[in-house]
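Numbering (the numbering used here), first residue to last: 2 to 231.
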């Protein structure tokens with residue numbers, strides 16, 4: 002939670018004013034269509050600021066910025082059946098936001114097993130009528146193709162499935178604030194596989210510098226791409 006449980010506290014009021022200020026500043030960078038639809042889910046019983054009929058916090062405004070960047074910088078069309086992959090998709094918050102815009106697309110999340118459980122619960126609670134594929138649906142497959150994934154609205158799988166995805170099947174691969182925090186070995190593993198299995202785009206939001214006191218990683222600008230990007 003961005004706010005604490007004492008809703009009427011002075012600190013929460015200051016945070017609320019700051020959040021409204023951020024909302025309006027983002028109108029210069031985020032499509033107004035997207036900014037006005039940005040509203041966080043109630044699943045998880047989080048505390049948000051209710052503003053203009055939207056439940057806003059720093060997280061949902063950040064997701065709105067990501068979505069607006071994807072809309073502006075790519076030619077991915079919202080009405081088509083696209084295939085997205087979010088590496089380190091967490092509890093599924095960004096996938097929920099993207100699904101509300103790219104209604105017909107399939108969203109795949111790669112995560113730690115315990116977070117796979119959390120994102121399955123979160124996304125099912127938000128989209129009870131959607132079809133969600135999990136480990137048990139894919140555990141007997143040696144290779145996972147585009148057709149296997151497009152049977153579902155969401156697919157949530159642990160990390161080892163990165164190497165099972167066939168070549169060039171994803172329209173877009175996303176990573177936000179996790180590749181830059183991984184060890185060199187894990188970073189190389191993901192970079193090698195995401196270059197292999199995306200056919201169009203990779204959207205990355207990661208640290209620009211090392212934080213050796215906290216993470217054993219090279220940072221963003223030293224990603225070792227070999228085929229498609231530099």
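Just so you know, even glycine gets a beta-carbon here, dropped at the ideal spot from N, CA and C.
Since the structure is predicted, the reported quantities are computational estimates derived from the model, not experimental observations.
Going by DSSP, residue 97 is part of the alpha helix (DSSP H) stretching over 94-100. Pairing residue 35 with residue 69 gives a Cβ-Cβ distance under 9 Å. Look at residue 48 here: in three-state DSSP terms it is coil, with no helix or strand label.
Rounded to the nearest whole angstrom, the C-alpha separation of residue 73 and residue 119 is 31 Å.
Looking at the DSSP output, residue 85 shares a beta bridge with 108 and 173. Of the other Cβ atoms in all chains shown, fewer than 16 fall within 10 Å of the Cβ of residue 226; this residue is therefore exposed. If the five residues before and after residue 47 are omitted, its C-beta is found closer than 6 Å to the C-beta atoms of 2, all from its own chain and listed in chain order.
One alpha carbon belongs to residue 139, the other to residue 16, and they sit about 44 Å apart. Within the same chain, 42, 124 and 127 come within 7 Å of residue 97 by CB-CB distance, once the 5 residues on both sides are set aside. Under a 10 Å Cβ-count criterion, residue 54 is classified as exposed, with fewer than 16 other Cβ atoms of the shown protein chains found around its own Cβ.
When secondary structure is reduced to three states using DSSP, residue 56 falls in the strand class. Take the alpha-carbon of residue 133 and the one of residue 159: they are about 14 Å apart. Looking only at 130, 210 and 171, the smallest Cα-Cα distance to residue 150 is reached by 171.
Sequence-distant Cβ neighbours of residue 152 in its own chain, meaning closer than 8 Å and more than five residues away, are 132 and 134.
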